[in-house]
Amino acid sequence: MKPAPFAFHRPASLADALACLATGEARPLAGGQSLVPMLNLRLTPVDALVELRGVPELAGATETPDGAVYGALLTHAAFEDGQVPDVTRGLMRHVAGGIAYRAVRNRGTIGGALALADPAADWLTTVVALDAEIGIAGAAGTRWVRAEDFVLGPYFTVLEPTELLTAVRVRRLPQTTRWGVCKVAVKVGEYAETLVVALIDPARGESRVVLGALDGAPLLLPATAAAAGAGTAKAALEQTVAVELAGSDRDFTPADLLLHATAVTRAIAEARS
Amino acid sequence: MKLPISLTVNGERVEALVEPRLHLADFLREHLRLTATHLGCEHGVCGACTVLVDGAPARACILLAVAADGADIRTLEGLADDPRMAVIKESFHQKHGLQCGFCTPGMLITTLDLLARKPAPDAAEIRAGISGNLCRCTGYQGIVRSIQHAAAALEQAEEA
Amino acid sequence: MNAAAAADPNTGQGVGAPVLRNEDRRFLDGKGEYLADIQLPGLLEVAFLRSPLAHARIRGIAIPEAHRGRVFLASDIAFAQPISAVGAAPGFKASDYPALAVEKVRFVGEMIAICLAPTRAEAEDIAQSIQVDFEELPPLWDMDVALAPDAPRVHEHWADNVVVETRIAVGDLAAAERDAAITVHRTLAMGRHAGVSLEGRGVIAHHDRRMDELVVYSSTQFPHVIRTILARALGLAESKLRVVAPDVGGGFGIKNNFNPEELAVAALALKLGKPLRWVEDRREHLVASPHAREHRYDLTAYADARGRLLGLKARVRVDAGAYSVWPWTAAMEAGMSAGIMTGPYDIPVYDGTAVTVCTNKSPLGPYRGVGRTGAAFAIETLIDAVARAAGREPADVRIENMVAPDAMPYRSVTGKLYDSGDYPECARRAVAAIDLAAVRARQGRGEPDGRLIGFGMASYTEQSAHGTAEWVARGLPVVFGYEPALARFTPDGKLILHVGIQNHGQGLETTLAQVAHQELGIPVADVVVRHGDSSLSPYGMGTFASRSMTMAGGAVSLACARMAEKIRRIGAHLLQAPREAVRLAGGQVWFGEQFVSFAQIADAAYLHPERLPEGEDPALEESAVYQPGRSTGAFSYATHACTLAVDPGTGLIEILDYVVCHDCGTMVNPLLVEAQVVGGVAQGLGTALFEEIPYDENGQPLASTFLDYMIPGACEVPDVRVLHMETPSPHTRFGIKGMGEGGAISPPAAVVNALNDALRRRGVELACTPVTPLRVREALAAAPRAKTEVVA
Ligand SMILES: Cc1cc2nc3c(=O)[nH]c(=O)nc-3n(C[C@H](O)[C@H](O)[C@H](O)COP(=O)(O)OP(=O)(O)OC[C@H]3O[C@@H](n4cnc5c(N)ncnc54)[C@H](O)[C@@H]3O)c2cc1C
Ligand code: FES
Ligand code: FES
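Protein chains in written order, with full-length UniProt numbering: chain G, 1 to 273; chain F, 1 to 160; chain C, 1 to 792.
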């Protein structure tokens, strides 16, 4: 189980890195925690890898009055250990600690996870729930894309092969916002079977509930969020969830519906508790 | 095309010319003949290949050797003189934390890191802490007991 | 001799003592030497080109010009005889399992070509570059598909895809049916899965110029037997072949076959005269190592109104894949399951049929528990169903049906001779430890988190350490009747035991030393156990079938007992004491307060024969071969009981409590016994909850990495409470019974029983393994009540 041969570039700046990617034939390497397994299994042919480790523009985090910008190379462990500013009242730290295993979290990056857009990836659902923005650098400079517009489907985003994900811009959660997360995995550390991130803010009338780990992009549940924000009681809320899931454009089996509805209700209950 | 790398392995400077596709575990095993680092899956799940990279545990099977350029690597061989590892090993012996021994190097290194970050873990925290290291023989019970034993022994040593 | 009584009170190292392991040090220092750790000058790495298709004719193979001379096909090793494991049962259909596919491939993963290069990566590059022109044939991807009347055949010269069908019919089933107040019918399915030793398989072969022999390293459980069959397959004299099992990172049965990889690598190394190495990777392991389980059951129980079983009708069908594994044959799983189906129960009437089906899947082989895990799954879930029909507590119905202790020795309806034990007491202790009454009360109260609690138990009796009679009855190509031991002191007074078993985690380097200590009073630390090398130890059968402790332990005991006599004679002579007055302890021979050390005795025996008593032969070396007193087997038994919680909103199952009460006769080392039980339980929980390799309609295995194939991790295995009973077997040295496999037998049955107990009020019953969260949710979603229910 060894990779096919490829070339390897070690750029030292964002400009260098983008130059390496310009042909569209090379692929960025961040933590390698998803890419190298795929290479070992010879599931993805690559001609060249562009190592991002030495690109200073992708490292570190900056806090601003209204939020924070997290560099693509920040590892899950950096979030888990609180080495970065926390503007989400512990939400991102909590999510990071639930990704994979410590040895993987030590190297896997938020940028790599989002760029890959495995639908079951914890960060993907989380940044959509946070209504974060994704920074994308290309030949024409950097643009910012809303997370829900960034991801188009499983392993499918607006990123071009010649572009790099540079950072995630997250707005500071208001004091009144409460969050809840429900990740269900068959085994501890495994990818989610279902993943719900709920942000409930009755005071500001702004709530978001996002369901991930689906066959497609994360699914926003506005009706459920509104009901949850309005303090709807459990039974009625369950009804809303069931109706909204059934009415979505996704193909849910009865067993899926049971699972996702459970996760939605639990995430909301946690946020409200 | 091969690339030059230069890194520290078990305290010694190593310079080598390697294919970019070579992963760190194979570099350690096949080039440096350090075979305590085992391969149980080569896709990042089993933890048998766990080594310390700049002090933090990582899967050597999904870290390219070229991406470890400049890093400080420690394998089980390189922890032979580590006093904390000595306590952990003795605990695995006392509490029967190994059978075939194949998962053991990865387990030991994960334990070293776990107890450094969480000196007095309860059983559930231990289980969560080693959940990324698969063992097919022990059913984990002996390993959990070994780690509990090691935590207590390390605490005692610290106090003394 | 009884265990506890036998333990040496002076040192606590003999039979029955919880001695820490001799072998730990090298593993803890990372100095174990597994197959992939072995390097040889000029070694070439092997990658196999394996079939991507389940069933196809090979029309042509195109090897790129650049790689000529590095790719080898069946025609290049035509001298290697195919593997052929033929069962003795009438009607058994034989098949040739070639090292490399000839003309046709029969499962995804079957080997087509050997590719050689200095690194594995380059060898894989070569394999990827080869073009095979296939003519696809309809895949027989399921046993029902293979059994269809007009199904194409996996092996063309067969009349159908049934390898063999056997039947045991005893007693008057019609009468049982007539008399029955309760008739319960169930169909069950156990999923196919992989063995997953953490270390994969592997082979190295090279020619040793000085010895003029082919040396084959294999990560195997039985090196001597591999030498025999490999010599035959290669047309070599056994004296020109040495087989070595280095440190082996788990076996569990998958490394207990003669595999085509061993044949292919050895044959090519022989032909080329170059050292070759193949190291199985995880994908190869999951796809192409012998698989486990895949049983289907059709069961009918006839019982009286209280659930006392009057008769049992069982049809066992096993999907054995494309070929018969050597030496077990494809028929072993089904045959063993049907043969032990009645388990610990006294069932007077039985009609059991075992059908082995050939399909386009990886061959099925032995895996910890072998057919018994399936048999226990069948009878134990059936008994629960009977109890439910009788409106009684399954524990009570179970215990009432068990063979009573005063009926021992007991001949079962399938003809097995249960040697000893108290099955009902074992079950009672397990139930008491779980505190069934408290579980029932808790169920009545309901859980605050909405989860459902269930209790389940399962019992088994396991034939172990069976010798000649049993293996002859099974009609295998090899009869595994005995084990040898050679005990040899070194001149400096340390003992080396050369044994024919193979240690891969069981702790035999310690437990056999304990037996030596028992006979000789030598400190365990002074005993080295050598195994796993056909040139270093006497011919033995290897480690499987829960046999090594009983068999090799018996042999070591015999050899060391003889040795003890000689040491006493020499010691008495040196001490100028009467022979009857000396005793052995602590590596010394004592006469009152005086002693001579074993080192002094060995020195005399090897280097100073003039100091020996008259007529005493020099040297300190004894060998012995051991066979149990009766070769019908020593029956270990156990009851597993568990409580679990199932989350009806997600289908996730958590094991809350797990108790094993077991009896493996005299325990040589209770510490290691307990660890073997717990490790077995963890594997059984894998079978029960997680592990499965489904095949799609194209015959493609749907799990080929650890991303889609899950084995239990530390959070998925509970603390297992192990209770010991110790009824020595009358047939074996020290009364030891085998116990390596037992832990893996009951968990699927215990877990599914507990799950069904939990889901009973939802009107849901599952009858398969693994009971994944998805399967639980599907069952719940299909049940009328659960449709709109969401559990928070
Ligand atoms: C055993 C195991 C379990 C796991 N479990 C989980 C889990 O439960 N939840 C979860 O969310 N994840 C899980 N992961 C995945 C893990 O989180 C990865 O770290 C992550 O998905 C990828 O991050 P990386 O930095 O390693 O990216 P890489 O593997 O380096 O790259 C991933 C992909 O993104 C591209 N890429 C990387 N960085 C950029 C960038 N800046 N711009 C553009 N493209 C880029 C790469 O070209 C590649 O295609 C698991 C991984 C393993 C091995
Ligand atoms: S070998 Fe690296 S995680 Fe399994
Ligand atoms: S001891 Fe064998 S895999 Fe852990």
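For each residue, glycine too, the CB sits at the ideal point set by N, CA and C. Please read all numbers here as calculations on a predicted model, not as lab measurements.
- The contact set of A48(F) on chain C, defined by CB atoms closer than 8 Å, consists of L198 in chain order.
- The DSSP-derived three-state label of Y345(C) is strand.
- R445(C) counts as exposed, since fewer than 16 other beta carbons sit within 10 angstroms of its beta carbon.
- Boundaries for R153(C): no beta strand (DSSP E) harbours it, and the DSSP string shows neither H nor E there.
- Here the alpha carbons of N753(C) and I383(C) stand approximately 10 Å from one another.
- By the Cβ rule, the region 146-157 of chain F does not count as touching the region 472-488 of chain C, because fewer than three pairs are nearer than 8 Å.
- Counting the other Cβ atoms within 10 Å of the Cβ of M549(C) gives 16 or more, which makes it buried.
- DSSP, read as helix, strand or coil, puts A303(C) in strand.
- Proximity of chain F to V248(C) at the Cβ level (cut-off 8 Å) is accounted for by C100, in chain order.
- Not flagged as an interface residue toward chain G: A116(F), since no C-beta distance is shorter than 9 Å.
- These are the residues, in chain order, with a beta carbon less than 6 Å from any non-hydrogen atom of ligand 2: L39(F), G40(F), C41(F), E42(F), G44(F), V45(F), C46(F), G47(F), A48(F), C49(F), R59(F), C61(F).
- When DSSP states are grouped into helix, strand and coil, S218(C) belongs to the strand group.
- Per DSSP, the continuous alpha helix (DSSP H) segment holding K234(G) begins and ends at 234-247.
- G30(C) is positioned such that its CB atom lies closer than 9 Å to that of T35(F).
- At a cut-off of 8 Å, the beta-carbon of S34(G) counts as near ligand 1: some heavy atom of the ligand is closer than that.
- Considering only G97(F), L32(F), I109(F), the residue with the shortest C-alpha distance to G47(F) is I109(F).
- Taking a Cβ-Cβ cut-off of 7 Å, the neighbours of H504(C) in chain F comprise C100, given in sequence order.
- For E177(C), the enclosing alpha helix (DSSP H) starts and ends at 173-179.
- No heavy atom of ligand 1 is found nearer than 8 Å to the CB of I200(G).
- Here DSSP, grouped into helix, strand and coil, assigns V287(C) to helix.
- By the criterion of at least three beta-carbon pairs nearer than 8 Å, the region 178-186 of chain G is in contact with the region 195-214 of chain G.
- Of the candidates A634(C), L656(C), H67(C), A66(C), A634(C) places its Cα closest to the Cα of E470(C).
- Selection V46(C), T732(C), G87(C) evaluated against S464(C) yields T732(C) as nearest (Cα-Cα).
- For L20(C), the chain F residues whose C-beta falls within less than 8 Å of its own C-beta are H93, Q94, H96, listed in chain order.
- C-alpha of Y70(G) to C-alpha of S6(F): approximately 30 Å in a straight line.
- Taking a cut-off of 8 Å on C-beta distances, the region 291-303 of chain C does not touch the region 53-66 of chain C, as fewer than three cross pairs fall below it.
- Annotation for E51(G): the continuous beta strand (DSSP E) segment containing it runs 48-51.
- At least 9 Å separates the CB of A56(C) from every CB of chain G.
- For C715(C), the neighbours in chain G by C-beta distance under 9 Å run, in chain order, K187, V188, G189.
- Counting C-beta pairs with one atom in each stretch, the region 614-627 of chain C and the region 393-404 of chain C have fewer than three that are closer than 8 Å, which means they do not touch.
- For D122(G), the shortest C-beta to heavy atom distance toward ligand 1 is below 8 Å.
- Assigned with DSSP and collapsed to three states, G229(G) falls in helix.
- Distance from the Cα of R277(C) is smallest, within the candidate group P118(C), F252(C), V164(C), for P118(C).
- Contact between the region 694-714 of chain C and the region 38-50 of chain C is absent: fewer than 3 CB-CB pairs across the two stretches fall below 8 Å.
- Under the 8 Å Cβ criterion, the region 241-255 of chain C counts as touching the region 189-201 of chain C, having at least three qualifying pairs.
- Across the structure, A68(F) and L24(F) are spaced so that their CA atoms are roughly 7 Å apart.
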